[in-house]
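*Asks:* Here's a structure for you.
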Amino acid sequence: MSWLGRAGARLLPAGRRDWAEAVWAEAHEVPTGWPRLAWRAGGVWLIAREATMVRWIGSRLVFAAAAGAAAWAAWPAGDAAMVRADVIATVLLLAGLPLLARWVLGPPGSRAARRLRACGYAAVLALMPAKAVLELFLGAVPRGGIDLRTYDVFQCPNAMPGQGPVVNCLVPGTSTGGPTAGSEVMLLLLTACGLAVLLALTARRAPVAPATLAIGAGAGLALGAAMYALAPLGFNPAFPDRPWLHGGAVDPFVALFWILLFGGPLVAGAVAGWRCHVPADAGEASAARAWQGLGAGLVCGGVGAAFVTVLGTGTTALLVRSARVRDLLYHGQHLTASAVYGRSCSRAGTWALISCFSSASRSSGPC
Amino acid sequence: MRSRREFSPQTLSVLAALCDQPSRWQHGYALASQTGLKSGTLYPILIRLADRGLVEACWQEEPQPGRPRRYLYRLTPGGLASAAGALAARPQQQPSGRPAAVAGARQPGGRGAAAPAVP
């Protein structure tokens with residue numbers, strides 16, 4: 091047992107090894123049996139605690155459990171190789187990118203950084219099953235009737251009246267639907283870019299202060315909430331797509347949306363730049379403020395985009411899966427799943443891009 | 005909320021045990037027996053106290069034959085002053101259900117008795 095204790099002590103920083111070895115040496119004074127075993131268990135706990143292994147192991151266990159649950163929920167029952175490949179690739183991306191970021195930029199630099207990373211990971215994992223539901227729904231061609239017509243309309247939007255000449259989908263039911271390799275790769279690249287920005291901004295060597303992350307995240311949540319309230323199912327000009335905002339009630343949210351889309355990152359960047367501690371040198375101070383402004387703007391846009399993407403896709407998936415939710419949001423309209431899917435258009439990814447790019451371009455302005 | 009300067013009841017019990025004979029070096033097991041704390045609780049407390057300069061530690065110079073060297077602890081002069089102040093200021097009435105450790109009630113065990121002073 092003593093060799094085990096000494097080996098465990100090697101995991102600790104130099105200044106802590108004596109303490110771990112002390113517990114093991116002292117175990118010889120403790121009565122044999124359970125008391126000695128309990129004493130040594132305390133030594134193991136000390137090593138785990140001082141080596142910050144508790145957090146290390148705990149975070150990886152939580153990630154493994156959450157990723158496993160998300161993959162299980164997203165895993166298709168039938169023949170859907172593309173969806174399965176997407177699930178596997180997303181999990182590998184989530185597991186591998188932090189290792190790369192740690193090697194290049196170091197571990198997360200603060201509690202705010204760790205929390206932001208955890209929220210980002212939770213968003214990607216929550217998106218996995220919702221996205222799988224929609225992709226599987228899209229891949230399953232309805233047998234006929236209104237569902238098939240709506241399906242064809244959605245699969246081939248230019249078949250809709252007033253949307254230009256029909257290119258394909260001339261015969262109802264000939265659409266195949268489902269995700270394509272190209273669309274999956276694009277979505278994976280988008281996810282990878284978002285995660286890379288998140289990991290870079292929250293790394294120890296990144297010149298972004300914890301307060302900047304908090305300011306950006308707060309503004310991003312407000313932006314995302316306004317976007318979701320305004321367009322929970324994306325924007326589709328052919329259908330009313332706001333189940334809970336009718337008539338003039340939408341106007342204040344439209345105004346709020348435009349203000350937050352451009353003003354949110356701008357204000358977050360300005361506040362972060364103003365609050366940060368800057369060096370005495372004027373040039374370095376400007377650079378520091380610019381970094382904080384850019385960081386807050388990027389975080390604001392990213393959080394807003396992730397918020398509306400996860401909730402929007404999740405709401406659409408719920409509407410497709412549950413007749414009760416459909417009746418709740420579109421009370422009395424007796425819509426089928428495919429009709430609801432036709433109303434939503436899953437353009438959250440577009441909003442994510444708009445939000446991120448607008449934040450990146452606007453936030454650097456005041457600094 | 006407790007401020008950073010205040011000590012937890014468990015830390016106070018360790019300080020009380022070390023204050024009993026401040027000039028003597030004490031062993032971990034003796035402190036554990038005296039305070040009733042488990043090793044997983046006692047040693048992190050000792051580490052924090054040492055980090056704050058309140059406790060000094062060293063390895064035993066002449067171990068007993070057939071036994072490994074033991075790590076010894078005692079209060080520094082600064083630690084003695086802090087401990088005396090904290091122990092004087094602590095509430096006399098301990099809340100019910102607190103371990104006896106807080107009151108420093110347990111007596112040291114036979115083999116874990118305090119070590120003689122190390123020159």
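Chains as they are written, first to last, in my numbering: chain A, 91 to 457; chain B, 5 to 123.
Ideal Cβ placement from N, Cα and C applies to all residues, glycine included.
Provide the residue span of the beta strand (DSSP E) that contains E60 (chain B), from first to last.
*Replies:* 59–63
*Asks:* My parser needs the alpha helix (DSSP H) runs of 4 or more residues fully inside the segment 157–217 of chain A; what are they?
*Replies:* 171–195
*Asks:* Hey, L134 (chain A) and R411 (chain A) are a contact pair by Cβ (cut 8 Å); roughly how many whole angstroms apart?
*Replies:* Checking the displayed sequence, the identity of residue 134 (chain A) turns out to be Val instead of Leu. Not confirmed; about 46 Å, so no contact.
*Asks:* Please return the same chain residues whose Cβ sits closer than 7 Å to the Cβ of P188 (chain A), not counting the five positions on each side in sequence.
*Replies:* L289
*Asks:* Chain B partners of R100 (chain A), CB-CB under 9 Å?
*Replies:* Going along chain B, no residue has its Cβ under 9 Å from R100 (chain A), so there is no contact; the nearest lies around 17 Å.
*Asks:* Does the Cβ of C366 (chain A) have 16 or more other Cβ atoms within 10 Å, making it buried, or fewer, making it exposed?
*Replies:* buried
*Asks:* Buried or exposed, going by whether 16 or more other CB atoms sit within 10 Å of the CB of E225 (chain A)?
*Replies:* Using a 10 angstroms sphere on the CB of E225 (chain A), the tally of other CB atoms reaches 16 or more, which defines it as buried.
*Asks:* Could you tell me which chain B residues have their CB closer than 8 Å to the CB of W146 (chain A), listed as they occur along the chain?
*Replies:* Neighbours of W146 (chain A) on chain B: none; closest Cβ ~17 Å, over 8 Å.
*Asks:* Taking DSSP's pairing of strands, which residues face R78 (chain B) in a bridge?
*Replies:* B:E60
*Asks:* What three-state label does DSSP hand A293 (chain A) in the structure shown?
*Replies:* strand
*Asks:* Does DSSP put V256 (chain A) in a helix, a strand or coil?
*Replies:* Any answer about V256 (chain A) is weak, because its pLDDT of 47 lies below 50 and its placement is not dependable; what the coordinates show is given next. Reduced to three states, the DSSP call for V256 (chain A) is coil.
*Asks:* Between the beta-carbon of C209 (chain A) and the beta-carbon of A309 (chain A), is there less than 7 Å?
*Replies:* no
*Asks:* Quick check on the burial criterion: 16 or more other C-beta atoms within 10 angstroms. Buried or exposed for L184 (chain A)?
*Replies:* L184 (chain A) should be labelled buried.
*Asks:* Report all residues from its chain with a CB closer than 6 Å to the CB of C62 (chain B); omit the five preceding and five following residues, and keep chain order.
*Replies:* Leaving aside the five residues that flank C62 (chain B) on each side, the residues in its chain whose CB is nearer than 6 Å to its CB run, in chain order, L76.
*Asks:* Could you compute how far the alpha carbon of P125 (chain A) sits from the alpha carbon of A315 (chain A)?
*Replies:* Taking the straight line from one Cα to the other gives about 55 Å.
*Asks:* Any idea what DSSP makes of H118 (chain A), helix, strand or coil?
*Replies:* helix
*Asks:* Do you know offhand how far W109 (chain A)'s Cα is from L94 (chain A)'s?
*Replies:* 15 Å
*Asks:* Taking the alpha-carbon of L346 (chain A) as reference, which of A:A358, A:L356, A:L313, A:D371 has the nearest alpha-carbon?
*Replies:* A:L313
*Asks:* Please state whether DSSP places Q25 (chain B) in a helix, a strand or coil.
*Replies:* Q25 (chain B) sits in coil when the DSSP states are folded into three classes, being neither helix nor strand.
*Asks:* Mind the definition here: the segment 11–25 of chain B touches the segment 104–119 of chain A only if three or more C-beta pairs lie below 8 Å; say whether that holds.
*Replies:* no
*Asks:* Is the separation between the beta-carbon of V177 (chain A) and that of A163 (chain A) shorter than 7 Å?
*Replies:* no
*Asks:* Determine which residues share a DSSP beta bridge with Q30 (chain B) and list them.
*Replies:* B:Y77
*Asks:* What does W534 (chain A) touch in chain B if you count any residue whose Cβ is under 7 Å from its own?
*Replies:* Outside the displayed range of chain A (91 to 457) lies residue 534 (chain A), so it cannot be described from this structure.
*Asks:* Alpha helix (DSSP H) containing T45 (chain B): first to last residue?
*Replies:* 43–55
*Asks:* Along chain A, which residues have their Cβ under 7 Å away from the Cβ of R71 (chain B)?
*Replies:* H118
*Asks:* Which residues mark the beginning and the end of the alpha helix (DSSP H) in which L401 (chain A) is found?
*Replies:* 372–411
*Asks:* Closer than 7 Å, Cβ to Cβ, to anything on chain A: give me those residues from the segment 33–57 of chain B, in chain order.
*Replies:* Y33, K42, S43, G44, Y47, P48, I51
*Asks:* Tell me the DSSP secondary structure of C366 (chain A) in three-state form.
*Replies:* coil
*Asks:* Buried or exposed for M218 (chain A), please, with buried defined as at least 16 other CB atoms from any protein chain shown within 10 angstroms of its CB.
*Replies:* buried
*Asks:* Does any residue of chain A have a CB that is nearer than 7 Å to the CB of G83 (chain B)?
*Replies:* no
*Asks:* List the residues of chain A that R78 (chain B) touches, going by C-beta distances under 8 Å, in chain order.
*Replies:* Those do not exist, as R78 (chain B) stays about 14 Å from chain A at its closest Cβ, beyond 8 Å.
*Asks:* Kindly indicate which three-state DSSP category V152 (chain A) falls into: helix, strand or coil?
*Replies:* It is helical.
*Asks:* Residues in the same chain with beta-carbon distance under 6 Å from A179 (chain A), minus the five sequence neighbours each way, listed in chain order, please.
*Replies:* L278
*Asks:* Over what stretch of residues does the alpha helix (DSSP H) that includes G353 (chain A) continue unbroken?
*Replies:* From DSSP, G353 (chain A) is part of no alpha helix (DSSP H); its letter is neither H nor E.
*Asks:* Check the C-beta distance from L408 (chain A) over to V415 (chain A) and give it rounded, since I have them as a contact under 8 Å.
*Replies:* 5 Å
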